[in-house]
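Sequential numbering from 45 applies to the sequence shown in my numbering. Where a beta carbon is used, it is the ideal one built from N, C-alpha and C, also for glycine.
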Amino acid sequence: MTKLPRLTAREIIAVLEKAGFSLARQSGSHMIYKNAAGKRVTVPFHAAKTLHPKILKSILRDADLTPEGLQKLL
């Protein structure tokens, strides 16, 4: 299994947009992205901070992405 990279919220949002997700709405510092199939992914947006690996893993699970798929989209 590939080790997860350290990413900021801006970087993971760029990956989600490449994977077909678009911004549906924002609630405070949380941005909710949806894809055409209706899958929803919530990203905590704190621009300069890196996401904790557990949060990144949760985002990938919600988006049905693997760490290998993440590497391809970076």
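Chain-order list of residues whose beta-carbon lies under 6 angstroms from that of residue i (same chain, five-residue window excluded)
i: R50; result: T94
For residue i, the residue or residues it bridges with in DSSP
i: S73; result: In the DSSP output, where bridge partners are listed per residue, S73 has none listed.
Coil, strand or helix - residue i by DSSP
i: L60; result: helix
i: R50; result: coil
i: L117; result: helix
i: K98; result: helix
i: L104; result: helix
Member of the options whose CA lies at the smallest distance from the CA of residue i
i: N79; options: A53, A63, S73, R105; result: A63
i: A81; options: K116, L48, K47, D108; result: D108
i: A91; options: R105, K98, M75; result: M75
Cβ neighbours of residue i in the same chain (closer than 7 angstroms, five flanking residues each side left out)
i: I103; result: I56, V85, V87
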